[in-house]
Amino acid sequence: MATQYITFTIAGGLYGLEVMQVEETLGHLPRTPVPLAPQGVAGLVNLRGQVVTAIDVRPRLGVAPLAPHQESMMVVVNHAGESMSLLVDEVGEVLTVDEADFEPAPPTLSDDVRALVGGAYKLDGRLLLAFDVAVAVGA
Amino acid sequence: MDGVDEIIREFLIESNENLDQLDSDLIALESEPGSRELLGSIFRTIHTVKGTSGFLSLDNLERVAHVGENLLVELRDGKRQMDPATTDVLLLMVDTIRALLGQIDETGEEQGVDISSTVAALQSVLDNEPLVQGSDGSSPTTPLTPSTEHEPLGSGHAEVIPEQDAAGQPISESGACAEESQSGIVVRENLATPATAAARAEGPSTSAHRHSSDTSIRVDVSLLDELMRQVGELVLVRNQIAQLAGFESGDLLRSSQRLSLIASELQDGVMKTRMQPIEQLWSKMPRVVRDLSATCGREVRLEMLGGDTELDRSLLEAVKDPLTHLIRNAVDHGIEAPDDRLRAGKTSAGLLRLSAYHAGGQVVVEVSDDGIGLDPVKIAAKSIERGLKTREQLATMTDTEIQSLVFLAGFSTASTVSNISGRGVGMDVVRSNIEEIGGTVEVDSRSGQGTTWRLRIPLTLAIMPALTVTSGHEIYAIPQVNLLELVAIDSSRTDDSIELIGGREVYRLRGSLLPLVRLADVLGTESHVGDTVVIAVLQTENQRFGLIVDKVLNNEEIVVKPLSTILKGIGIFAGATLMGDGQVALILDAPTLARRELSADSMEALAAKRVEAPEDTTSSAEFLVVGVGAHQRRRIAIPLSAVTRLEHIQLARIEMVGGREVVQYRGDVVPVQRLGRILGADSVESVTEKPTVVFTRGDRSVAMIVDEILEILDDRGAIRSDVTDSGLLGSIVLNGEVTELLDTVYALELVDPLYFSSHDPDAELSSFDNALMAGI
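So the protein lines, in turn, are chains U and Z.
Counting in the working numbering, the first sequence runs without a single skipped number right up to 139 at its last residue.
Counting in the working numbering, the second sequence runs without a single skipped number right up to 1776 at its last residue.
In structure tokens, the structure reads:
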């Protein structure tokens, strides 16, 4: 079975979300920081009049979080009726992957990362790590 | 298939709406028997249900409606008078129809609802109850509609027409006609209009209150929400264009102003589409009151005023349960039994009045009864029994305050638990529900004379007036509901006007002490205070406090946007909103702020505790942990015993005396030093105010500026290391983090060489001097 994934990069890594889970991809929007927010919440953005929470998964990938005003592209997903925005470096192409190429995340990855990425698709010469949308926006 | 589903859905929505109307019509009919307008309306509703269900092959529904219709025909045609039994059976019919509709809505089938008993009940009324007999002209038991001039039936003046004439009335009458044909005749009043389904489109004379259906259409709420969102977007674009046009003149500017006007009007218009009259809610209440008064053995007269008062539909939903609860409570506990009322010199029927009106940008909904009222003595006794208040507390309270105790959790005045109310789920739930939507509830009662519950509800959930302020770089909105006043103090005078009591900052506001909370401290952000310090005086249900903010921006109507689930847990934000330039701003939740900051002892309170309970020198020592350094934040531990006070200091207030930095502090000139400089760390310079640790020994003080106050920890089980540097005694692992231990003596002597050689050190301080020397 083939599934379509929207791909994006974060800190050099290639990640993907199932097309059906993604509402849209966007360029940078200014973020309003939320004091006292759980780690991973990068602020609130005004998405055409809707207030959407921006999530920075970097700390969970073991990378330093984005600075408050650092520009970033966004992948907007809808989870449990709420729109959430994942901060990514760059949005790439839509790839059709084959379930046969799927492998669960290797145990060498940290628990955080393994929870975040359900597994990896072996593409030609590189790996596409598939995000679990629920975990990703759960901050 | 979709087409049919759509029709059924429409039918369900419309029927449910009509049934609500039916409930109140039927009950109104009891007090106004023979009102043809009401009868006509009821008949048409059932007739429509019957007709449509026949068309949609909903057989059970059709059967119920059919028998009901037969009964209604007799009523309408004056062959039968309304009496409680008839009302009961008709209400039963409405319930059955509602159950059937519910079943259809859920499963698409009408199976599973028992209709036989309802049909039987209706039929038995039809069969057995004495009809007005045509032959019994001498003693008509039931007078007919008083508004018409006709004489009693059977006297020969009633117009008897053959059933074929009825067939002249619009289609789908066949069922009714067939039934009527059993009796052979259709009796029609002289002036009666042909009250059929056709009358819906026809009659000013018959259906004044159905008129809205001619001029209104049904719209899906999600469509309205979407429209609302798009209007929001339009407003933002308008703002951008207005900014662009600001530098131009001529056509663009004019067009932009026009766009601005139209967008505002459009926004208003869309907002209005969400407003609905409170009538919608009230139409259900006559039924509730009727059923309940029957169960409780009360006689209740229900009055409703101001039903056309409009509310946002989401608020209407939210008010429904609290309002129903108040009404139930009024019937069950407020209004006395008829005998008791007569004994008290009242009419046997109690009056329950619902009223709604606009006042001060809010909708006020009142539920008042002329019942027994709230007895302050009983309430006081109950609150002592429940341990909610002490006798001493009650002694100082007014009757009104005591009556308000019913809003406390766990309070219920009913001495017996009934199945209506008094299960402990009471007024506290009403209050929390109303507060959730930004409203308030109060009670006004006179023992023996009645009670009025007053709900104040914002006009709309979506928009509220708010004050926008800044703290640090960000904008925050404070709902006006909580705002009492603003106090501005010149920054240079803050030390005089803001005092410390028990380590807490307070301000003397017209003689009374106002506890202060610094917004930046709560949020853990930097603050940028200008020339004036602004205190927003906030009032929550039982607390008044001052919130210190950096700057006040504006009074604005803000549109409230919900926060995502992961942010709701923070608590102190009630939502978010968009500013004119599209920036997101957080809305502060004053009640949560008050609960959190005024009860949970803050940093200062911890420091104050030290004064009350001098250090315990046995095994562990407490450390104040501060952060120093802009880029690499270093954790520095200072023995808490040496610290006198924590302050925030305006960097602009630092003066130079003889090459040393000093600051005027409480009438003294106090040497000041940045801890970071002593330790060779850089420090955050972008701020105008910084946390400062003040050390006092005897009459000498030293102020040490740090970048952040982190926490107070004790060193029980801490791992120490001698890895050291100038100004440090080593390091210590506190709470899992490496923390550098400040050489307090070295640091203090560096700032004030005479600090430890003060001639008259307080005796009590000597012990901690020793402790400091020993490095604790």
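Quick reminder that beta carbons are idealized off the backbone N, C-alpha and C, glycines included.
Taking the Cα of Z/H1473 as reference, the smallest distance to any Cα among Z/M1082, Z/G1524, Z/V1487 is reached at Z/G1524.
According to the DSSP assignment, U/Y15 belongs to the beta strand (DSSP E) that extends over 13-18. In this structure U/M74 does not touch U/T3 by the C-beta definition: roughly 22 Å separates them, more than the 8 Å allowed. Residues are counted here when their Cβ sits less than 9 Å from a Cβ of chain U; for the segment 1669-1694 of chain Z the count is zero. For Z/K1561, the residues of chain U that pass the 8 Å Cβ criterion are Q50, V51, in the order they occur in the chain.
Counting every other CB atom within 10 Å of its CB across the protein chains shown gives U/M84 a total of 16 or more, marking it as buried. Boundaries cannot be given for Z/G1511, as no beta strand (DSSP E) includes it and DSSP labels it neither H nor E. For the segment 1583-1597 of chain Z, the set of residues with a beta-carbon nearer than 9 Å to any beta-carbon of chain U comprises Q1583, V1584, A1585, L1586, in chain order. Look at Z/A1466: its C-beta is not under 8 Å from any C-beta on chain U.
DSSP links U/A130 through a beta bridge to U/G16, U/G119.
Taking the CA atoms as reference points, Z/V1443 sits about 28 Å from Z/P1515.
Distance from the Cα of Z/S1641 is smallest, within the candidate group Z/V1625, Z/L1651, Z/R1635, for Z/V1625. By the Cβ criterion, the segment 1013-1024 of chain Z is not in contact with the segment 34-52 of chain U, since fewer than three pairs of Cβ atoms, one from each stretch, lie closer than 8 Å. Comparing alpha-carbon positions, the option among Z/D1375, Z/S1368, Z/S1015 lying closest to Z/T1451 turns out to be Z/S1368. In this structure, DSSP gives Z/G1546 an extended state, which the three-state scheme calls strand. Annotated three-state conformation of Z/V1119 is helix, per DSSP. Chain Z places a beta carbon closer than 8 Å to that of U/G138, counting this residue as a contact. Short of 7 Å from the beta carbon of U/R58, and not among the five residues preceding or following it, lie these beta carbons of its own chain, in chain order: I10, A11, A64, P65, L66.
For Z/I1705, not one C-beta of chain U is nearer than 8 Å to its own C-beta. In summary, Z/G1250 is exposed, with fewer than 16 beta-carbon neighbours lying within 10 Å of its beta-carbon over all protein chains present.
Residue pairing by DSSP places Z/Y1665 opposite Z/D1668 in a beta bridge. Residue pairing from DSSP places U/M84 in a beta bridge opposite U/T53, U/V77. Under a criterion of Cβ atoms nearer than 8 Å, no residue of chain Z is adjacent to U/A134; the nearest Cβ is some 12 Å distant. Rounded to whole angstroms, the gap between the alpha carbons of U/L87 and U/E71 is 9 Å. Beta-bridge analysis with DSSP links Z/Y1507 to Z/I1498, Z/L1514. DSSP, read as helix, strand or coil, puts Z/F1411 in coil.
Z/S1471 is the residue among Z/Q1664, Z/S1471, Z/E1655, Z/G1629 whose C-alpha sits nearest the C-alpha of Z/L1553.
For U/L36, there are no CB contacts under 6 Å within the same chain when 5 residues up- and downstream are skipped. In the DSSP assignment, no residue is bridged to Z/F1043. With 16 or more other Cβ atoms inside 10 Å of its own Cβ, Z/N1060 counts as buried. Z/I1636 and Z/T1540 have their C-alpha atoms spaced approximately 38 Å apart. Here Z/M1275 is bridged, per DSSP, to Z/D1312. For a Cβ distance threshold of 7 Å, residue set S1564, T1565 of chain Z lies close to U/E82, ordered along the chain. DSSP places U/N46 in the uninterrupted beta strand (DSSP E) bounded by 41-47. Under the DSSP assignment, Z/D1105 falls in the alpha helix (DSSP H) whose first and last residues are 1084-1107.
Not one beta carbon of chain U lies nearer than 8 Å to the beta carbon of Z/R1274.
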